[in-house]
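Just below is one structure, and these are the notes that go with it.
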DNA sequence: GCAAATCATTACTTTTTGGTCAAGATTAAG
DNA sequence: CTTAATCTTGACCAAAAAGTAATGATTTGC
């Protein structure tokens with residue numbers, strides 16, 4: 374279970390845009406340079422993010438990319454879903470081995486764990502906005518642990 | 374962020390072995406058939422799991438695979454780490470774009486989120502044993518939600 | 001000891017993902 | 001209107017992951 378290259382770089386490009394002041398924009402070469410990737414690759418990523426509605430662009434001289442919505446209104450789970458093509462809904466169609474359908478039809482002991490894991494990740498990401506990734510590593514770290522709160526196994530009290 | 378094929382099938386093969394009674398074992402063709410994968414693929418997976426110490430094997434007629442430890446002593450985080458090659462520790466070396474090193478040296482706003490996510494997943498998996506994946510889907514689902522407990526963002530009380 | 005069944009290991013092929021290239025379209029500036 | 005800068009798009013190439021095949025080693029049963 375890992376972050377794909379597309380998720381990583383796509384997210385990083387968006388953070389660059391989140392750093393901008395109102396009215397500013399970044400060109401593909403600028404984005405590419407700031408993230409250490411090729412201009413062509415930045416172009417592909419921004420194309421995806423544009424299609425998905427996270428960024429807008431203007432062409433021509435003085436053109437560039439900028440966020441389509443305030444960074445505080447964009448949650449990481451939405452971003453990841455686009456960059457990773459929402460794989461949860463197709464899980465059981467993807468891992469069918471050499472068969473047409475997964476052998477575990479009907480009753481499957483693995484599925485609740487896979488689904489549950491994805492829920493946990495989704496839940497964690499849905500609490501974080503792009504805006505909160507702007508800042509120093511220590512401040513983002515503090516934000517993350519504060520937002521995720523204290524996760525422990527507790528029995529509901531008095532329910 | 375998704376489960377890889379190796380994680381999925383490897384885990385499923387182990388669950389098959391967890392279903393056995395003491396003294397029983399399964400051959401590669403048997404494992405392959407029960408999971409709907411090819412014998413060659415099952416062979417590769419079991420080789421990995423054998424190297425990692427999760428299973429033992431005996432060769433020759435009446436040979437086969439069986440768990441090296443009780444299913445109740447094997448936690449999913451250990452399994453996933455082997456099947457996915459513990460990618461967290463090498464994250465910043467993997468996503469360097471066209472550069473030799475990641476441009477975000479020293480201070481990185483993405484890293485705490487990546488690390489935090491992996492911690493959350495690791496934490497969830499470290500509470501689940503192979504043994505608890507044996508059973509019906511509904512029972513495994515109930516186990517999962519009970520073990521993960523109630524996750525909410527709560528402020529520490531009186532600390 | 002021999003044959004059959006089985007695992008072990010490495011090399012190879014296929015598929016998927018990641019990344020690049022090139023031609024086209026749009027815009028701003030002069 | 002022309003040019004230069006920029007995004008857009010689809011085709012293409014490369015790298016990584018997944019899966020297959022083939023050969024070798026070990027064990028059991030006769």
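Chains as they are written, first to last, in my numbering: chain A, 374 to 532; chain B, 374 to 532.
We treat Cβ as the ideally placed atom computed from N, Cα and C, and that holds for glycine.
Note that the coordinates shown come from a computational prediction; the quantities given were computed from them, not determined experimentally.
Under the three-state reduction of DSSP output, residue 414(A) falls in the helix class. At least one C-beta of chain A is nearer than 8 Å to the C-beta of residue 469(B). At least one C-beta of chain A is nearer than 8 Å to the C-beta of residue 506(B).
DSSP places residue 489(A) inside the alpha helix (DSSP H), whose first and last residues are 484–498. In the pairwise beta carbon analysis, the region 445–460 of chain B is classified as touching the region 376–388 of chain B: at least three pairs are separated by under 8 Å. By the neighbour-count criterion, in which a residue is buried when 16 or more other Cβ atoms sit within 10 angstroms of its Cβ, residue 397(B) is exposed. When the beta-carbon positions are compared, residue 452(A) and residue 376(B) stay at least 8 Å from each other. Under the three-state reduction of DSSP output, residue 438(A) falls in the strand class.
Here residue 505(A) is buried. Its C-beta has 16 or more other C-beta atoms within 10 Å. For the options 509(A), 468(A), 496(A), 476(A), the alpha carbon positioned closest to that of residue 484(B) is the one of 509(A). The alpha-carbon of residue 470(A) is positioned some 17 Å away from that of residue 461(A). For the pair residue 492(B) and residue 433(B), the Cα-to-Cα distance works out to about 42 Å.
For residue 489(A), at least one C-beta of chain B is nearer than 8 Å to its own C-beta. Around the beta carbon of residue 518(B), a 10 Å sphere encloses fewer than 16 other beta carbons of the protein chains shown; the residue is thus reported as exposed.
One finds nothing in chain B with a Cβ atom closer than 9 Å to the Cβ of residue 455(A); even the nearest lies about 13 Å away. The C-beta of residue 414(B) has 16 or more other C-beta atoms within 10 Å across all chains shown, which makes the residue buried.
Chain-ordered, the chain A residues with CB closer than 8 Å to the CB of residue 410(B) read 470, 471. If you draw a straight line from the Cα of residue 477(A) to the Cα of residue 495(A), it is about 25 Å long.
As DSSP reads the structure, residue 399(A) sits in a beta bridge with 438(A).
For the region 374–391 of chain A, the set of residues with a beta-carbon nearer than 9 Å to any beta-carbon of chain B comprises 374, 375, 376, 377, 378, 380, 381, 382, 384, 385, 388, in chain order.
From the listed residues 472(B), 401(B), 393(B), 374(B), the smallest Cα separation to residue 440(B) is found for 393(B). In this structure, the CA atom of residue 466(B) is about 44 Å from the CA atom of residue 395(B).
With a threshold of 8 Å between beta carbons, residue 465(B) makes no contact with chain A.
Within the model, the alpha-carbon separation for residue 402(B) versus residue 390(B) is close to 13 Å.
Nearest neighbour of residue 411(B) by Cα position, chosen from 386(B), 516(B), 522(B), turns out to be 386(B).
For residue 462(A), no alpha helix (DSSP H) encloses it, and the DSSP letter there is neither H nor E. Between residue 510(B) and chain A, the shortest Cβ-Cβ separation is below 8 Å.
Its Cα nearest to that of residue 514(B), the residue 480(A) stands out among 480(A), 424(A), 420(A), 445(A).
About 4 Å separates the beta carbons of residue 498(B) and residue 449(B), which is inside the 8 Å limit, making them a contact pair. Annotation: the continuous alpha helix (DSSP H) that includes residue 455(A) extends over 449–456.
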